[in-house]
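2 protein chains.
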Amino acid sequence: MTVPPREDWPKPGPQSEGGAVLTDVVLSTFRLNARLMEAAQGLAANGGLTAAWWQVLGGVLDEPRSVADVGRIMGVSRQGVQRIADLLVERGLAEYRPNPAHRRAKLLACTEAGYWAIRKIAVAQHPWTSELATSVDLDDLRTTLSTLQTLITKLEEA
Amino acid sequence: MTVPPREDWPKPGPQSEGGAVLTDVVLSTFRLNARLMEAAQGLAANGGLTAAWWQVLGGVLDEPRSVADVGRIMGVSRQGVQRIADLLVERGLAEYRPNPAHRRAKLLACTEAGYWAIRKIAVAQHPWTSELATSVDLDDLRTTLSTLQTLITKLEEA
DNA sequence: GTCATAACGACAACATGTTGTCAATAGAGT
DNA sequence: ACTCTATTGACAACATGTTGTCGTTATGAC
Numbered sequence: 011m012t013v014p015p016r017e018d019w020p021k022p023g024p025q026s027e028g029g030a031v032l033t034d035v036v037l038s039t040f041r042l043n044a045r046l047m048e049a050a051q052g053l054a055a056n057g058g059l060t061a062a063w064w065q066v067l068g069g070v071l072d073e074p075r076s077v078a079d080v081g082r083i084m085g086v087s088r089q090g091v092q093r094i095a096d097l098l099v100e101r102g103l104a105e106y107r108p109n110p111a112h113r114r115a116k117l118l119a120c121t122e123a124g125y126w127a128i129r130k131i132a133v134a135q136h137p138w139t140s141e142l143a144t145s146v147d148l149d150d151l152r153t154t155l156s157t158l159q160t161l162i163t164k165l166e167e168a
Numbered sequence: 011m012t013v014p015p016r017e018d019w020p021k022p023g024p025q026s027e028g029g030a031v032l033t034d035v036v037l038s039t040f041r042l043n044a045r046l047m048e049a050a051q052g053l054a055a056n057g058g059l060t061a062a063w064w065q066v067l068g069g070v071l072d073e074p075r076s077v078a079d080v081g082r083i084m085g086v087s088r089q090g091v092q093r094i095a096d097l098l099v100e101r102g103l104a105e106y107r108p109n110p111a112h113r114r115a116k117l118l119a120c121t122e123a124g125y126w127a128i129r130k131i132a133v134a135q136h137p138w139t140s141e142l143a144t145s146v147d148l149d150d151l152r153t154t155l156s157t158l159q160t161l162i163t164k165l166e167e168a
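Those protein sequence lines, which keep their order, are chains A and B. In case it helps, this note's numbering puts the first sequence at residues 11 to 168. In case it helps, this note's numbering puts the second sequence at residues 11 to 168.
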């Protein structure tokens, strides 16, 4: 890599005040995401699942879906979902059902054991969430939710 | 796995209002994190880095640090940092320097080529951040930052 | 009905990050 | 000095997720 002398380096433009605060929001989002994933692992363990299994199983709670459908909903590749789905079926937490609309694309459905696991997680998750919520002001939480959603929309519309 | 009949299933307690909003905040955090990581990949590409390389290199911009130190700062395992660090050194973006305080724990330092790459990323990142910030109210952004930081603190103190 | 296109699952290769184990090293207490 | 403990880097195994390629299957245009 060719590196020009330092005096020729391009200087980044000045950061707007909103940009500066947003940068901190971005870093906080990364950090919070990591902590929440840890917590999700712990909660999911209450149902004998991992966070990834919980997420995939959560995608077929309301109705059976093809693996590719779940991937689209979750925003991850269908191959990633496929691996987890196979593991869930292997452990009896989900099952493949024939798809009347597509011979190869079987439908992934939650079994009774799967619903049982999800229920046990919910029993642990609700107190955890409520307790964490006591540390922040409700109106601030609403503002935060709205702001995060605005940012998501802005990033996804591009 | 033994699954009792449905009528015997434990019911999750009622969710507090704050808990309900917080649940949406959590889901939004996951989603925003994914979008931000995508954006980070694009920005890092401006310097010929990946997001992971950018993160590690960013950990030694101010001063050389051991791999284990960088891991602690970033909250990831030192083995993960080690793999990236070796790649950065292999490509000349960083270098290992002898550590006067520890014979085995060499210090990872950013090279001129590394600073050059980081600078090019910053040139692209500032306009990106400022533009994204225009879509949200500045006070709301401050409230969001404060709320996220409160949640992080609460989760980390445990 | 035929055919081109798109969607799907299967498989492989790879990127990223974690945990576990081990030996080398540093530092603190005795 | 000696020893115990914590830290560190190296190595292996594994979990999660991505991309690419291939053959199969639906679907829509003609």
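By construction, the Cβ of each residue, glycine as well, lies at the ideal position given by its N, Cα and C atoms. Computed from a predicted structure; not experimentally measured.
C-alpha gap between residue i and residue j, whole angstroms
i: ALA119(A); j: LEU59(A); result: 16 Å
i: ALA30(A); j: VAL36(A); result: 10 Å
i: GLN25(A); j: THR39(A); result: 19 Å
i: MET84(A); j: VAL77(A); result: 11 Å
i: GLY28(B); j: VAL146(A); result: 9 Å
i: THR12(B); j: THR139(A); result: 27 Å
i: LEU32(B); j: ARG113(B); result: 48 Å
i: MET47(B); j: GLU141(B); result: 17 Å
i: ILE162(A); j: ARG41(B); result: 7 Å
i: THR148(B); j: ALA115(A); result: At residue 148(B) the sequence reads Leu, which differs from the Thr that was named. Going from the Cα of LEU148(B) to the Cα of ALA115(A) covers about 47 Å.
i: ALA61(B); j: ALA49(A); result: 24 Å
i: ARG93(A); j: GLY102(A); result: 14 Å
i: ARG45(A); j: THR160(B); result: 12 Å
i: LEU97(A); j: ALA127(A); result: 15 Å
i: GLY81(A); j: GLY68(A); result: 12 Å
i: PRO20(A); j: ALA104(B); result: 20 Å
i: GLU166(B); j: ASN109(A); result: 45 Å
i: ASN43(A); j: LEU158(B); result: 10 Å
i: TRP63(A); j: ALA95(A); result: 8 Å
Residue i (DSSP reduced to helix, strand or coil)
i: ASN56(B); result: coil
i: ALA134(A); result: helix
i: ALA143(A); result: helix
i: LYS21(B); result: coil
i: ALA30(A); result: helix
i: LEU117(B); result: strand
i: ALA111(A); result: coil
Contacts that residue i makes with chain A (C-beta to C-beta distance below 7 Å)
i: VAL146(B); result: THR157, THR160, LEU161
i: ASN43(B); result: THR39, PHE40, ASN43
i: HIS136(B); result: PRO22, GLY23, GLN25, GLY29
i: LEU32(B); result: THR139, LEU142, ALA143, LEU151
i: LEU165(B); result: ARG45, ALA49
i: VAL133(B); result: PRO20, PRO22
Where residue i meets chain B, residues with beta-carbon distance less than 8 Å
i: SER38(A); result: LEU155, LEU158, GLN159, ILE162
i: GLU17(A); result: The premise fails here: GLU17(A) is roughly 12 Å from chain B at the closest Cβ pair, so nothing lies under 8 Å.
i: VAL35(A); result: LEU151, THR154, LEU155, LEU158
Any non-hydrogen atom of the ligand MN within 7 Å of residue i CB
i: GLY81(A); result: Looking for the ligand MN in the displayed structure turns up nothing, as the structure carries no ligands at all.
Residue i burial status per 10 Å Cβ neighbour count (16 or more: buried)
i: HIS136(B); result: buried
i: LEU71(B); result: exposed
i: SER87(B); result: exposed
i: GLN65(B); result: buried
i: LYS130(A); result: buried
i: GLY23(A); result: exposed
i: GLY57(B); result: buried
i: THR154(A); result: buried
i: ALA111(A); result: exposed
i: GLY52(A); result: exposed
i: ARG16(B); result: exposed
i: ARG75(B); result: buried
i: THR144(A); result: exposed
Residue i: contacting residues in chain A (beta-carbon distance under 9 Å)
i: VAL66(B); result: In chain order: nothing, as chain A lies at least about 14 Å away.
Amino acids of chain A, ordered along the chain, whose beta-carbon sits closer than 8 Å to that of residue i
i: TRP126(B); result: MET11, VAL13, PRO14, TRP19
Contact set between residue i and chain B, taken where Cβ atoms lie within less than 7 Å
i: GLU122(A); result: VAL13
i: GLY85(A); result: ALA44
Interface residues of chain B facing residue i [CB-CB closer than 9 Å]
i: ARG129(A); result: TRP19, PRO20, LYS21, PRO22
Length at least 4, wholly inside the segment 53 to 100 of chain B: the alpha helix (DSSP H) runs in chain order: As far as the segment 53 to 100 of chain B is concerned, its whole alpha helix (DSSP H) runs of at least 4 residues are 61 to 68, 77 to 84, 88 to 100.
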